[in-house]
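Notes for the one structure printed next.
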Amino acid sequence: MKFERYGIGIAKGMALTFRHLFRSPITIQYPDEKLVTSRRIRGNELVWFPEKCTGCATCAKSCPQGNIVISTHRGEGSKFEVDIFEIDSGRCIFCGLCVESCPYDALAMGLSYECAKYRRGDLILSKEKLAVSANHQPSAYYRPQFEDKLPKQSLLLYNQAEGGQKLKFLPLSKRKRGSGA
Amino acid sequence: MPIKTEPFYLNIGPQHPSTHGVFRLRVALDGEVVVGVEPIIGYLHRGIEKLAETRTYTQTIPFTDRLDYLSSMTNNLAYCLAVEKLGGLKVPERAEYIRVIFSEIMRISSHMMAVGFFLNDLGAMMTPVLYMWREREKIMDMFEMVCGQRLLYNYMRIGGVSQNLPDDFMPAVKKFLAEMPKYIDEYDQLLAQNEILLARSKGVGILSKDTAIGIGASGPVLRASGVKWDIRKMDPYSIYERFDFEVPTGDTGDCYDRYWVRMLEIRQSVRILEQAIAQIPEKGAVCADVPQFFRPPRGEAYGYLEGPKGNIGFYIVSDGSIAPYRLHIYPPTLINITALSDMVIGWKVADLIIIFGSIDVVLGEIDR
Amino acid sequence: MTLLEQFQLLLKNANWPDWAVYLTPAIAGILLILVFVLTIIIVFIWWERRLLGRFQLRTGPNRCGPEGIFQPIATAIKILLKEDIVPDKADKLLHFVAPIIVFVPILMLFAVIPVGEGAILVDLNIGIIYIIAISSISVIGIFMASWASNNKYSLIAGMRAIAQMVSYELPVVLSIVGVALVAGSFSMLKIVEAQGIPYILQQPLGFIIFFLGALAEMNRSPFDLLEADSEIVAGYHIEYSGMKFAMFYLGEYGIVLAYAGIMATLFLGGWQGPLLPPIVWFLIKVVIIFSFIIWMRATLPRLRVDQLMSFAWKFLLPMAVINLVIIAVEVLVLPLSMQWLIIILNFGFAAALILLWSKLFTLGGGRVEV
Amino acid sequence: MTLALNGEEIGKKLAEAFPAAVVSSDKLNVLVDSKHLQPVAEYLKNTSGLEFDYLTFVTATDYLDYLEIVYRLVSLKNNHSLILKTRCHTRDNPVVPTVVNTWRAAYYQEREIFDLLGIRFEGHPDMRRLLLWEGFQGHPLRRDYL
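Put into structure tokens, the structure is as follows:
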């Protein structure tokens, strides 16, 4: 170490960290505060529209993991009825290729990202769990028709004045406990 | 009579805070001085090359994300370039610009991780990492906006990109670019002239020019050694010949140069991004019409590009079927650590850590 | 007369037996120190984590209690509930004893640090020498821990510890001697009382040397080589868990508190200050020093071991010797009434010496041919 | 632009220097006999006008009846590239001379090929498995490995 510059570099760095002391934190108090995810989020689940699905199994063919189980039988007329439609979200890599390949828009990525389970078996998403419902909504990944219904993503890039996410540090009393679910 | 001593062996890794993944270094020490080092790898080997042989060309793209998971976009792109070269596909203009934009944002993000953790290895207690993560999070937000995930993007497709840009993207990236130079100045102010950093990294772990070329090093490691070789400049892929930028090089090839070259490259990336944002066509297709089960003609192709870590390449042999006959991934960081023993022997344990950190390895890529 | 001596007198007058007259105040004092130190350490842990978080644009712990003030207690409970793991090939006895040897001398240091007028456990007339002697003991504990763990990382830490602690003892001691010269006493109380103007103004160079040396003594960034988490993981306490780890952890903060207290006493005028009660002034000074240490930790990278050595022997030691000579000459030549002249002179000397020595100072070490 | 050199021209040049070395050459690549690999490599590296000082990648492909090893050479000075190939016609314990002495870049890549395809590089200083553990049975990237 040669102090040719008499420690000016050290002083500059110290001054910078001191300046940061007066900036607001960049972290989010996660379970209490949540950012709005992207409209196109590839969440940890898939959303299936049973009435649109024809049982063509293109999704199963396009899955790199070979993870989609689908079996059908011929119902009334020429329409296929889906008997089993199962995705093991423990093996799924959420690449979205199945959604992209679906010719009838019958499969979409989900919005949820808090899908931890206690048992591996619970990770298998059966037909009932995959089907679209009020609290199981699709994201706009490769499905631009849903884009307008979803809230705008909160970007850390914008501060509050520019329409960004409110990033205020909440005092303890105002926080909701266990709001993350 | 000289005292007889024998080296003592220290396993650094597979679990160690500074190996940046599951990497093991078997180090022979004489006191604190390193007298021998042997990297032992393979803890993260997933056999992606073998997996690709049983998957279609499109299905391999998500696996390329998982190579160098800090620069997934460029991995995607390198693979797609290889397949496009094999199939002779033409990529739409707008898609080319989108690809360039994301490669450069990816480079900024990856270099920030590299520099941040290099400084963390030096002992700067997470502060530079967190300052750099502030900007990296903004980049991650933009990636999430476009392709729905923050780490494993799976965005590039054979013949273009998977989806068009959302409306919010352009204002966001413009704002980011307007802010970025100020933040880079801050990073430089934080530690670039710090006497302790200079003492720790100047002249440490020198990779000479000849050795760098001999081991086939690439990326910032090669350029820090004074070789002006950037594939974006020397062999422009995509549309890089349209942009005006400089290739920063170092003089000595020590740790400080590798750090400094990365900081300069972030500035150049900002410059490229500004030009790309100005030139990108407003409308147009973002993907060529490629069938889901793409069958390229028989033959072989090597697609490569200048990734953040170096020259990442994919060598594909096609037998005309829907799956590649052979996929070889050329991992830049594995090649860059070839001369690790030349660089570290004679230095102390503390230097070993920063020399290894300055190479910027990602184990997902080394082990594949 | 210290408060404890007054207490003793009180008991004697109440006709307590002789052994009780000595034992009761002693035990009371020890308990007082334990409570005082542990409370402040717990606040310090919280303060370090919060302040470090703010330097790094985080919030720091904020879940347990208001603003996370109970986080250290939660951490302590967690640590205490952990399994006590002793490595199979460890030297069991030394492994057990080492944390105690590290922690106890640190507690002992507080016996001679005055926190207020007479608020001192024992007013030793050799207070400073006692501090120098006792603070070196914990090095032995650290070395024992690193040896007994039978771990190569901790062995490296142990070797670093010995080199670092022994080297930095010298400049620290020499800069303290300057203070003792001016104060004319080794007693901590007398030193504080002698400081009409805090000695940091009178001996700025001495303070800088003492501060840097103390940083190395208490393993704080940028001299935290003993636990360098990016190199040797956790250094000497890598194989410790549970209560034993807690001892090291408390010791780490205890020594910071002790050195901050010593610094406040020797250079910042101790408990003295206007308006506020003495103990508050003392704590304010301690917290300012501690905050400065955290600030350095948030900014600076770590030195390498050979650079650390040459910084001690080539920079701090010569400066400390020169500083001592200057102070001695000033004490001999200049009358005490010319305090302000001394201050101006010493600031000039400090600036000139640092600039000059920065030019002369070169770093040895570097690559070793093997 | 890195100029991909015409394999036929290089093949002719090589055939002049080493008459028995070149097996075939086409527009894209040059196929040399593995027996002459090391002198060819030295020639390619040191001849002025070629100066392939930078080896990008070494890999091998299992074509079932033969194993093909591919070298992509780049000259940083002249900014041109060449694909060099050599073949190995046996599947049990195939041996090819190493090019580590010419280009150190091959060090890990040849170990990797040995690991995954089972081609032994003669003269390599440390011919051990790289990614898989010692004692692993078989070579996974061969087409007949299941």
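Residue numbers (this note's numbering), protein chains in the order written: chain A, 185 to 365; chain B, 869 to 1236; chain C, 221 to 590; chain D, 2 to 147. We put the beta carbon where it would ideally sit given N, CA and C, even for glycine.
Interface annotation, Y55 of chain D: in contact with chain B, CB-CB separation under 8 Å. Below the 8 Å Cβ cutoff, chain A contributes no neighbours of N943 of chain B, its closest Cβ being approximately 14 Å away. For R1194 of chain B, the beta-bridge partners assigned by DSSP are B:V1185. In the three-state scheme derived from DSSP, where H, G and I count as helix and E and B as strand, F290 of chain C is classed as coil. In its chain, beyond the 5 residues on either side, G288 have a beta carbon closer than 7 Å to the beta carbon of N282 of chain C.
For N1022 of chain B, at least one C-beta of chain A is nearer than 8 Å to its own C-beta.
The beta carbon of Y1198 of chain B falls within 8 Å of a beta carbon belonging to chain D, placing the residue at that interface.
Taking 3 residues as the minimum length, the beta strand (DSSP E) runs contained wholly in the region 186-262 of chain A are 230-232 and 252-258, in order along the chain. Taking C-alpha positions only, L1208 of chain B is separated from F1224 of chain B by approximately 8 Å.
The C-beta of F278 of chain A comes no closer than 8 Å to any C-beta of chain C. Cβ contact annotation for Q1147 of chain B (same chain, cutoff 8 Å, sequence separation greater than five): Y965 and R1110, in chain order. DSSP places M516 of chain C within a helical segment (H, G or I) once states are collapsed to three. With its beta carbon less than 8 Å from one in chain A, K1006 of chain B belongs to the interface.
Between S1069 of chain B and A1080 of chain B the beta-carbon gap is near 17 Å, outside 8 Å, which marks them as no contact. Here L528 of chain C is buried: its Cβ has 16 or more other Cβ atoms, across all protein chains shown, within 10 Å. With distances taken between CA atoms, G1121 of chain B lies nearest to B:G1071 out of B:I1145, B:E1174, B:E1114 and B:G1071.
Against chain B, the beta carbon of P141 of chain D has neighbours under 7 Å at G915 and K918, listed in chain order. Along the region 969-1003 of chain B, going in chain order, the ones with a CB nearer than 8 Å to a CB of chain C are L987, N988, D989, L990, G991, A992, M993, M994, T995, L998, Y999 and R1002. Between W491 of chain C and F502 of chain C, the C-beta gap is smaller than 8 Å, which places the two residues in contact. Restricted to the region 925-1010 of chain B, the alpha helix (DSSP H) segments that are unbroken, complete and at least 4 residues in length are 929-933, 940-955 and 961-989, listed in chain order. By the criterion of a C-beta distance shorter than 6 Å, L309 of chain A is surrounded in its chain by I271 and S273, once the five residues flanking it on both sides are discounted. Within chain B, the residues Y1170 have their CB atoms less than 7 Å from the CB of R73 of chain D, given in chain order. Any Cβ of chain D closer than 8 Å to the Cβ of P1088 of chain B would place that residue at the interface, and such an atom is absent.
Between I252 of chain A and S323 of chain A, the C-beta gap is not smaller than 8 Å, which leaves the two residues out of contact. Residue environment: Y1108 of chain B is assigned as buried (16 or more neighbouring CB atoms within 10 Å of its CB, all protein chains considered). For L1058 of chain B, same chain residues with a beta-carbon under 8 Å away, outside a window of 5 residues either side, are T995, P996 and Y999 in chain order.
At a cut-off of 8 Å between beta carbons, S940 of chain B makes no contact with chain C.
Residue pairing from DSSP places C1155 of chain B in a beta bridge opposite B:G1028. Going by beta carbons, V541 of chain C and L425 of chain C fall outside the 8 Å limit.
When the alpha-carbon of E284 of chain A is set against those of B:Y1198, B:V1029, B:L1065 and B:G1181, the nearest one is in B:V1029. Per DSSP, H315 of chain C lies in no beta strand (DSSP E) segment; the continuous alpha helix (DSSP H) that holds it begins and ends at K312 to L329.
Between L520 of chain C and chain A, the shortest Cβ-Cβ separation is below 8 Å. When 9 Å is used as the limit between beta carbons, S1093 of chain B is near no residue of chain A, the shortest such separation being about 24 Å.
The C-alpha of I293 of chain C lies about 19 Å from the C-alpha of I253 of chain C. The alpha-carbon separation between S296 of chain A and K78 of chain D amounts to approximately 53 Å.
The closest CA to that of I192 of chain A, considering only B:L1195, B:A1060 and B:M1131, is found on B:A1060.
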